[in-house]
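Counting from 819, one number per residue, gives the positions in the sequence shown under our numbering.
Yeah, the Cβ is synthetic: ideal placement off N, Cα and C, and Gly gets one too.
Computed from a predicted structure; not experimentally measured.
Here is the structure we will look at, set down as structure tokens.
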Amino acid sequence: MSFPHKIARREFLKHTGLSGLALILGIATTEEANAAITKLHAAGIDAAAMSAPAFDVANITPYIIIEPNNKITIINPKPEMGQGTYQSIPALIAEELEVSLDAVTIITSSGQKNIPGQSAGGSSSVRGSYANLRKVGAAAREMLRTAAAKQWNVATEECIAENGKIVHKATGKTLAYGDLAAAASTLEVPANPTLKDPKDFKILGKSMPRLDIPLKVTGRAIYGIDMELPGMVYASVERCPVFGSKLVSYDDSATLKVKGVIKTVKAERVLGKNRYEGVAVIADNYWAALKGRKALKVQWDHQGFDSFNTKDYEQHLRDLAATDGLIAHNSGDFDKAMADADATHKIEALYETPVVAHATMEPMNCLAHWQEGDKVDVWTSVQGAGIVKRELAETLGIPQDNITAHISFLGGGFGRRLAADYAGEAAMISKQLDKPVKIIWTREDDIQLGPFRPMTFSAMKGAVTPDGKALAFQHKVISPSISATKSDKYDKTKPDRSMTEGISDQKYEIPNMKNAYVFADIHIPMQPWRSVTSSTLAFAHESFIDEMAAAAKKDPLQFRLEMLTKESDTKRVLAKLKEVSNWDHPLPKGWGRGIAQYEFFAGLAANVVEVSTRKDGSIKIEKVITVIDLGTVVNPDMVKAQVEGAIVMGIVAATKDAVHFEAGKSIQSNFHNNRMLRINEMPAVEVHILAEGGPVIKGVGEPGLPPVAPALANAVFAATGKRIRKLPFDLNKV
């Protein structure tokens, strides 16, 4: 399925076999991609799910298809889940190819071996593709110029690419790319084509319309939940909301009486090391499947897991906070500095952040068709074709080559769709029925069954000197491990770097620092949530920096800048934020202003939040000002949209509903008790982009989120004198 055009898989394969008639080209270099993968590993994200194996510079891969009729197709390796890759990734190719995006067809890749990096996550899409895909476009452009020069018998330097054609500067003669495609396809692919000077960009760096928006607002965009096949049936699966339960028996006599219900079969959901049993109700329409599911009578053996509850687990983490943990970072002599510090200049605090759900707007779904020869086609919304192929191969015990993934638009990902458990579930049901099956999760399934962002506590210690300088700092993380909930091979003897993400990498110059990790076991499945662990750790880290500033009797921003004597991106960002937020300008009475920044694998951003107090004691978030550091920007308008979205999620996680467990299951089930931010609650937002060029390109989708909660909490303190150390908190009852 293509967007907005439809291209059958047979037709696509036919295209990619016509190398003598059409130019089919791509170049993949590995330096940038491998750097991104390294950071994903550090974040606890499985890089095997994020990228295909590395490729040499001169590999020919089908990113660009130029046909004799001058039809140009660009294959986008990144799924579109709202972050804008449907425009930004093809733009990298189109800029160098000298074509307008309006003049090309864009289709999404489907797990081809010769296209690396077909997944999206970790804010890696543009970072990992910027240089690679510009070279793809530039190589095609140079091959087309060379083909034209040979046809005209002139020097290549006399030919320029312009609007999908080659122009001979001296005579004005032109040849369309389609006229040159066959000849160009026979030429050697240049390994290091000359890239355009950024001052000559027509697309990159400009605020361009997103090509997916007209499709979405008119209802023409195709999501996984929209997919259909002739002869398919629907499945709704009853799973136990108490994790770890076993299926004992079920009575489907009432279910089979529901009109439209065909049969019931056992189902299995595989999520990492976890296998969850269920009962699938099969029907000729979704509503019949759901109604039949509600009529099921199922007996579960909870195996003692129905005693699990949030209150007890929170206390367990508080108890663990008293243990030393595993050292994640040690510089200077923290213990001596704390022992020698004056008692009036030492502070301690425990910060608590909860379990939260991803709650994507499009619930999990998959249409799967198991066919002869153990071949499987899946149509689904997932954060990458490679994820589906890898996971299904492991779950189903078949080669990845037997799996074809058709990736549609995604109605949100946020890390949830880095797992494809729902696709494996659909495929196994299809195998039992020998026909295509479409599985759709309810909203309740989605919120109650996880996987979730883990509960994370932070035990903080610090000291300042009598003259107000940072002396010592400790951030001890107490939490489950995302990796441990997925794999039995997790090593508990080593500090989990993915769970201490960024805490030892801030640019603050603190002479004595000792950070640690305390592992807290849990049987609930966990998954990266937008900005992974930084979404929780930044709250504690930057709120405690504010507490240290208060102990030092310093302005919070000035205290931070005094710890940044060396030049750094953090220093530049905070200096810019001080300027654009009018930090030194007094606010109205009853208002407060808070600041926070955080740098981690995905990038760097800083926020100032302004709040006001009301007569009834409630707090209103008035404004959020963000500075995000990118190095290079593809589409400023999309950057602003992503930062705005991150701010929304940050406010929701800080002030709305956590996921609470009682009797082993989540009591949050839908948007009535897992609330989203309403339009009247949305503050004014200003986004300022630092994009000054340079070799380092930083991510966009996630960096705006971690500083939201601490900046908000610090603003509440500035307005009320009350410290917020536990999330979520109620703005109406501070």
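Status (buried if at least 16 other CB within 10 Å, exposed otherwise) for residue i
i: residue 1489; result: exposed
i: residue 1099; result: buried
i: residue 1447; result: buried
i: residue 1197; result: buried
i: residue 955; result: buried
i: residue 1187; result: buried
i: residue 1331; result: buried
i: residue 1050; result: buried
i: residue 1535; result: buried
i: residue 1252; result: exposed
i: residue 1392; result: buried
i: residue 1341; result: exposed
i: residue 1074; result: exposed
i: residue 1497; result: exposed
i: residue 1170; result: buried
i: residue 1424; result: buried
i: residue 930; result: buried
i: residue 1403; result: exposed
i: residue 1066; result: exposed
Neighbourhood of residue i by C-beta, 7 angstroms cutoff - its chain only, sequence neighbours within 5 removed
i: residue 1070; result: 1082, 1114
i: residue 887; result: 996
i: residue 1282; result: 1163, 1288, 1289, 1366, 1369, 1370
i: residue 1179; result: 1229, 1230
i: residue 1126; result: 1479, 1482
i: residue 1152; result: 1290, 1292, 1330, 1331, 1332
i: residue 962; result: 979, 984, 995, 998, 1002
i: residue 1318; result: 1146, 1295, 1333, 1335
Spatial neighbours of residue i in its chain, beta-carbon cut-off 6 angstroms, leaving aside the 5 residues before and after
i: residue 1266; result: 1059, 1484, 1487
i: residue 1515; result: 945, 948, 1449, 1450
i: residue 1193; result: 1220
i: residue 1195; result: 1187, 1222
i: residue 1539; result: none
i: residue 1504; result: 1443
For residue j and residue i, the rounded distance between their alpha carbons
i: residue 1367; j: residue 1286; result: 8 angstroms
i: residue 1119; j: residue 1068; result: 12 angstroms
i: residue 1478; j: residue 1492; result: 10 angstroms
i: residue 1023; j: residue 1520; result: 20 angstroms
i: residue 1264; j: residue 907; result: 30 angstroms
i: residue 1142; j: residue 1374; result: 29 angstroms
i: residue 983; j: residue 841; result: 14 angstroms
i: residue 1412; j: residue 1474; result: 20 angstroms
i: residue 1397; j: residue 1388; result: 14 angstroms
i: residue 1564; j: residue 1031; result: For the chain, the structure presents residues 819 to 1552; residue 1564 sits outside this window and is missing.
i: residue 1258; j: residue 1014; result: 46 angstroms
i: residue 1372; j: residue 1378; result: 9 angstroms
i: residue 1352; j: residue 1173; result: 14 angstroms
i: residue 1409; j: residue 1495; result: 22 angstroms
i: residue 1432; j: residue 1461; result: 27 angstroms
Inter-residue CB distance, residue i and residue j (contact presumed, cutoff 8 angstroms)
i: residue 1358; j: residue 1293; result: 7 angstroms
i: residue 1543; j: residue 1139; result: That belief does not hold up - the Cβ atoms of residue 1543 and residue 1139 are roughly 13 angstroms apart, past 8 angstroms.
i: residue 1275; j: residue 1135; result: 4 angstroms
i: residue 1213; j: residue 1242; result: 4 angstroms
i: residue 951; j: residue 893; result: That belief does not hold up - the Cβ atoms of residue 951 and residue 893 are roughly 10 angstroms apart, past 8 angstroms.
Among the options, the one whose alpha carbon lies nearest that of residue i
i: residue 1405; options: 1542, 1429, 1421, 1322; result: 1429
i: residue 1131; options: 1420, 1445, 1298; result: 1298
i: residue 1502; options: 1011, 887, 1161, 1466; result: 1466
i: residue 939; options: 1171, 1347, 916; result: 1347
i: residue 1438; options: 1253, 1243, 1469, 1492; result: 1469
i: residue 1445; options: 1499, 1411, 1518; result: 1518
i: residue 1010; options: 981, 1036, 972, 957; result: 957
i: residue 1156; options: 1221, 1199, 1278; result: 1278
i: residue 1105; options: 1433, 1077, 1526; result: 1077
i: residue 1322; options: 1300, 1339, 1355; result: 1355
i: residue 1524; options: 1350, 1052, 1296, 1548; result: 1350
i: residue 1048; options: 1410, 1185, 1454, 1190; result: 1185
i: residue 1109; options: 1551, 1181, 1161, 1054; result: 1054
i: residue 1209; options: 1056, 1065, 1244, 1191; result: 1244
i: residue 1096; options: 1262, 1417, 1122, 1056; result: 1056
Cβ-based neighbour list, residue i, same chain, cut-off 8 angstroms, excluding 5 preceding and 5 following
i: residue 1343; result: 1061, 1089, 1090, 1092, 1268, 1269, 1270, 1303, 1304
i: residue 1390; result: 1447, 1508
i: residue 882; result: 841, 842, 843, 844, 890, 891, 892, 893, 911, 915, 954, 955, 958
i: residue 1345; result: 1176, 1233, 1234, 1236, 1237, 1268, 1269, 1270, 1271, 1300
Closer than 6 angstroms: residue i CB and nearest the ligand NAP heavy atom
i: residue 1189; result: In the structure on display, the ligand NAP does not appear, and there are no ligands present to speak of.
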